[in-house]
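In our numbering, the protein residues as written are 191 to 509.
What follows is the structure, encoded as C-alpha cells:
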C-alpha cells in the first residue's frame with residue numbers, strides 16, 4: 191500500500207463523530223431517525239437541565255403555545271385569588287350579589303391588568319389592591335416581552351425540511367455497484383452550497399472485545415452549489431471502500447449504521463443550516479435503483495413529486 195493510501199486509511203479510521211468506540215449495544219442506534227443524538231444525560235445540575243431558552247426554542251409549536259396558555263391562566267388565577275383574599279370590595283365595579291361572580295370578576299380584572307388592557311369597568315381601590323395591580327401590570331409587560339422574544343427566536347431560527355429516502359440502496363453503478371440514498375428539500379425556499387458527509391459505523395471484535403469502528407465514506411459528489419431538485423448521494427463500492435467485502439449478513443451482524451451530516455445555506459435568510467440522519471443495516475435494500483421523481487407537466491416548469499422520494503425498482507447488481 192502506498193504512503194498516500196496509508197494516510198487516507200488512517201484518516202478514515204480516526205473518524206468517530208464523537209461517539210467513541212464503546213457504543214456497542216445492538217438494540218440502540220447512534221442517531222435517531224429524526225437526526226437527534228440517541229443520548230440521554232444523567233447527573234446534570236438543575237441549571238443545565240432547565241435551560242429554559244433552549245427548551246422553548248426547540249420544542250414543538252403545539253407544546254410551546256400550550257405552555258404559554260397555561261402560564262397565562264395560572265398567573266391570572268393566582269392574582270384573582272390574591273384580589274379575592276384582599277377583599278373584592280376593594281375592586282370597584284365587581285358584582286357583589288354572587289360569590290361565584292365575584293371571583294370571576296377578579297379573574298378577568300387580573301387578565302386586563304396583566305395585558306394592560308384596562309377596560310375600566312373594574313378598578314382597584316385602596317393601597318394594597320392598587321399595589322398588587324401595579325405589580326401584575328409590570329409582570330405582564332415582562333411576560334409578553336419574553337414571549338415576543340421567544341416567538342422571534344422560533345421564527346428566525348433556520349428550520350430546514352430535508353426529506354430522506356426511506357431506504358439506503360445498493361445499486362448497479364457504472365461497472366461496479368454503489369451505496370446510495372436520496373434527499374430533497376421539501377420546502378420552496380432555496381438552499382445553496384450544500385455539503386454532505388457520510389460515516390460508516392460497525393461493531394468489530396478485536397482481542398475478544400467489541401469495539402465500534404468508524405470510517406468516512408468517499409462520495410461521488412459531496413457538494414452541490416444549487417439544490418433545486420432531488421440529490422442522490424452515491425458511494426461507489428470500489429476496492430478501497432470500507433464496504434467492499436461487506437454483505438447484508440455481515441452488516442447486520444456488525445450492527446452497521448450510516449450517519450449523515452448535511453450543511454448548507456438558506457438563501458432566504460443567508461443563515462447556515464444543519465441536518466442529520468442515519469440508516470441502519472436493516473434499512474438497506476440490495477439490488478435496486480431509485481425511480482425518477484421528475485415529471486413532465488403542461489406548464490413550463492418541471493414537476494418534482496416529493497411523494498416519490500423513496501420509490502425504487504429492482505435492478506441486478508454487477509456481481
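Note that beta-carbon positions come from the ideal geometry of N, C-alpha and C, so glycine has one too.
Given the structure is predicted, the values throughout are model-derived calculations rather than measurements.
*Roughly how many angstroms lie between the CA atoms of residue 553 and residue 260, to the nearest whole one?*
Residue 553 is absent from the model: the chain starts at 191 and stops at 509.
*First and last residue of the alpha helix (DSSP H) that includes residue 323?*
317-346
_Suppose only complete runs of 3+ residues qualify. What are the beta strand (DSSP E) ranges in the segment 426-494, listed by chain order?_
Qualifying beta strand (DSSP E) stretches, in chain order: 447-456, 461-470, 474-476, 478-480.
_Distance between residue 346 and residue 258 (C-alpha atoms, nearest Å)_ = 19 Å
_Assuming the contact rule is C-beta atoms closer than 8 Å, residue 508 and residue 365 should be a hit. Round their C-beta distance to whole Å, please._
Your pair residue 508 and residue 365 checks out as a contact, with CB atoms roughly 6 Å apart and the cut at 8 Å.
*asked:* Do residue 478 and residue 439 count as a contact pair if the criterion is CB distance below 8 Å?
replied: With contacts defined by Cβ atoms closer than 8 Å, residue 439 and residue 478 do not form a contacting pair.
*So, residue 450 versus residue 468, is the Cβ gap smaller than 8 Å?*
yes
*By a C-beta neighbour count over all protein chains shown, 10 Å radius and 16 as the cutoff for buried, is residue 302 buried or exposed?*
buried
*Does the beta-carbon of residue 307 have 16 or more other beta-carbons within 10 angstroms, so that it is buried, or is it exposed?*
exposed
*Looking at residue 426 and residue 436, is the spacing between their C-beta atoms short of 8 Å?*
no
*Are the CB atoms of residue 480 and residue 358 nearer to each other than 8 Å?*
Taking 8 Å as the Cβ cut-off, residue 480 and residue 358 do not qualify as a contacting pair.
*At least three beta-carbon pairs within less than 8 Å, the segment 392-402 to the segment 451-462*: no
*Quick one: what's got a C-beta closer than 7 Å to residue 510's C-beta in the same chain, skipping five residues either side?*
Outside the displayed span of the chain (191 to 509) sits residue 510, for which this structure offers no information.
*When DSSP labels each residue in this structure, what does residue 372 get in the three-state scheme?*
strand
*Drop a sphere of 10 angstroms on the beta-carbon of residue 372, count the other beta-carbons inside from all chains shown, and report buried for 16 or more, exposed for fewer.*
Note on residue 372: 16 or more other CB atoms within 10 angstroms of its CB, so buried under the neighbour-count rule.
*Count the other C-beta atoms from every protein chain shown that fall within 10 angstroms of the C-beta of residue 246, then say buried if there are 16 or more, exposed otherwise.*
Residue burial is scored here from C-beta neighbours: residue 246 has at least 16 other C-beta atoms within 10 angstroms and is therefore classed as buried.
*State the DSSP-derived secondary structure class of residue 507, mapped to helix, strand or coil.*
The answer is coil: DSSP assigns residue 507 none of H, G, I, E or B.
_Helix, strand or coil, according to DSSP, for residue 389 in the structure here?_
Here residue 389 sits in strand by DSSP.
*Taking the alpha-carbon positions, what's the residue 319 to residue 312 distance?*
12 Å
_Delimiting residues of the alpha helix (DSSP H) encompassing residue 417_ = Looking at the DSSP string, residue 417 is not in any alpha helix (DSSP H), and its letter there is neither H nor E.
*Could you spell out where the beta strand (DSSP E) holding residue 352 opens and where it closes?*
In this chain, the beta strand (DSSP E) harbouring residue 352 covers 352-354.
_For residue 515, the three-state DSSP class (helix, strand or coil)_ = Examination of residue 515 is not possible in this model, given that the chain is present from 191 through 509 alone.
*Should residue 505 and residue 355 be called a contact, given that it needs their Cβ atoms to be closer than 8 Å?*
no
*Could you tell me which residues DSSP pairs with residue 406 in its beta bridges?*
389
_Residue environment, residue 351, which counts as buried when at least 16 other CB atoms sit within 10 Å_ = Exposed.
_Comparing C-alpha positions only, which one of 380, 295, 250, 378 sits nearest to residue 340?_
Residue 250 is the option with its Cα nearest to residue 340.
*What do you get for residue 264, buried or exposed, if any count of 16 or more other CB atoms within 10 angstroms of its CB means buried?*
exposed
*asked:* Residues in the same chain with beta-carbon distance under 7 Å from residue 343, minus the five sequence neighbours each way, listed in chain order, please.
replied: 247
*Alpha carbon to alpha carbon, how far is residue 326 from residue 252?*
27 Å
*Under a Cβ-count criterion, where at least 16 other Cβ atoms within 10 Å of its own Cβ denotes burial, should residue 292 be classed as buried or exposed?*
buried
*Around the Cβ of residue 493, are there at least 16 other Cβ atoms within 10 angstroms (buried) or fewer (exposed)?*
exposed
*Along the beta strand (DSSP E) that carries residue 363, what are the first and last residues, could you check?*
Where residue 363 is concerned, the enclosing beta strand (DSSP E) stretches over 358-363.
*Any idea if residue 377 is buried or exposed, counting beta-carbon neighbours within 10 angstroms, 16 or more meaning buried?*
exposed
*asked:* In the DSSP output, which residue or residues are listed as bridge partners for residue 502?
replied: Answer by DSSP bridge pairing, in chain order: 480.
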